[in-house]
Amino acid sequence: MIEIICNDRLGKKVRVKCNENDTIGDLKKLIAAQTGTKWDKIMLKKWYTIYKDHITVGDYEIRDGMNLELYYQ
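Okay, so the sequence shown: first residue is 2 according to the numbering used here, each after it adds one.
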């Protein structure tokens, strides 16, 4: 289990625990459950890389304690 920190820079900082074999879509659903937004309206980024829903967390080399940027579409 790894813990990922998502910050939307509007005052919400969400800590989510997931497995490395979960997809980004699964991660978005966990974030949506904590923030109260729809999961398909969430976009996760790190610098200029936009994370795709069908690729796993381990494939993107997202590690424990890593920060991701949370945007709303």
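Note that CB positions come from ideal geometry on N, CA and C, so glycine has one too.
Source: prediction; values computed, not measured.
First through last residue of the beta strand (DSSP E) which encompasses residue i
i, result
"Leu71", "68 to 73"
"Val58", "No beta strand (DSSP E) contains Val58, which DSSP labels as neither H nor E."
Nearest residue (CA-CA) to residue i, options the options
i, options, result
"Gly37", "Tyr52, Gly66, Val15, Thr57", "Val15"
"Tyr49", "Leu71, Ile3, Lys18, Asn22", "Leu71"
"Cys19", "Glu4, Gln74, Lys30, Lys46", "Glu4"
"Met2", "Asp9, Leu28, Gly12, Glu21", "Glu21"
"His55", "Gly12, Asp27, Arg10", "Asp27"
Reduced DSSP secondary structure (H/G/I, E/B, other) of residue i
i, result
"Leu31", "helix"
"Lys42", "helix"
"Ile25", "helix"
Short Cβ contact (8 Å threshold) for residue i with residue j
i, j, result
"Tyr73", "Tyr61", "no"
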